[in-house]
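Numbering of the sequence shown is given in this note's numbering, commencing with residue 7 and proceeding in unit increments.
Every residue, glycine too, gets a C-beta built ideally from N, C-alpha and C.
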Amino acid sequence: MSEAAPASVPTFTPSELVVLFGDRFAPEAGLLASKEEILTSGVKVNSEKLMNAAMKAALYAVHRSGAARLEVRAAKALFGLMNTRKVLLLQGSGSDSFPAGTLEAFLLEAAVAENPVQDALKAFIGDEVMNPPQRALGLIKRGMSERGMLEAEMKKALLVFSTVDYVLPAATRMAAEAQPLEPVQQLLREMEQREPQLDAAVQKEIDAARVAMTESRD
């Protein structure tokens, strides 16, 4: 008996495809690096590199859609003694939308405030944690779970804390594997090659958000 088909074909955003096929976007994790196991392959990749790729994919997708835009502006730092550059996430004139609960949809909402990208990403991560990349990737998976694309399994840890593992259903795997990855890979590649200053500035915003949301050990 064949497995029942889902009621509708899932729509995957660029950041979700990066997370689902992370071994195509991030290197395997080294011995001491934080690891993220990829649901489609079981490969363990560097979680920070994967978060970078997922966040860039989301930012560049909303920028390319025209619904929001990224703009590099000069800013002051260190009590006004140094010049620096900030990437602002601004409202665009386009009308494209993304599924609720996705990083892309969150960024479109954040664009209303017209703040630096760093602030939007800090708001997405939400809380200071020991491992911001792991949390950010988990939030992207949670968004897919809320749309019925992943199954969430709660697990107890240390009797007090609970962790969530996400399982990739067969129907979602089939739908995801039918999606071409080349458009997302090309988007990341084009932004890096054609707008290297913006790409470098966006990476600094991502790094700043990660550092700011890393819980202090003090």
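Using 8 Å as the threshold, is the C-beta distance between residue i and residue j below it?
i: A119; j: G98; result: no
i: V173; j: G144; result: no
i: T220; j: T108; result: no
i: F122; j: E201; result: At residue 122 the sequence reads Pro, which differs from the Phe that was named. Not closer than 8 Å, so no.
i: L5; j: A126; result: In this structure the chain extends from 7 to 224, so residue 5 is not present and cannot be described.
i: G187; j: A63; result: The sequence shown places Leu at residue 187, rather than the Gly named in the question. No, these two residues do not count as a Cβ contact at 8 Å.
i: I146; j: A60; result: yes
i: L204; j: T178; result: no
i: A67; j: K128; result: no
i: L65; j: L23; result: no
i: M57; j: A176; result: no
Which term fits residue i, buried or exposed, when burial requires 16 or more other beta carbons within 10 angstroms of its beta carbon?
i: L183; result: In the sequence as displayed, the identity of residue 183 is Glu instead of Leu. Exposed, because fewer than 16 other Cβ atoms sit within 10 Å of the Cβ of E183.
i: M197; result: buried
i: S168; result: exposed
i: G149; result: buried
i: A158; result: exposed
i: E110; result: buried
i: P189; result: exposed
i: V6; result: The requested residue 6 does not occur in the structure, where the chain is confined to residues 7 to 224.
i: M227; result: Nothing can be reported for residue 227, as the shown portion of the chain is limited to 7 through 224.
i: Q124; result: buried
i: F27; result: buried
i: M160; result: exposed
i: A207; result: buried
i: A106; result: exposed
i: A10; result: With a pLDDT of only 42 at A10, under 50, the local geometry of the prediction cannot be trusted, and the value read off the model is given with reservation. Exposed.
Across which residues does DSSP place residue i in a beta bridge pair?
i: A158; result: Y172
i: R79; result: K92
i: T220; result: V135
i: N58; result: Answer by DSSP bridge pairing: none, since N58 is not bridged.
i: Q209; result: Q209 is not bridged to any residue.
i: V51; result: E34, E42
With three or more C-beta pairs closer than 8 Å as the rule, is the stretch 51–64 touching the stretch 26–42? As far as the Cβ criterion goes, the stretch 26–42 touches the stretch 51–64, which means the pair count is three or higher.
Quick test of the definition: if touching needs 3 or more C-beta pairs under 8 Å, does the stretch 28–39 touch the stretch 89–97? No: fewer than three Cβ pairs fall under 8 Å.
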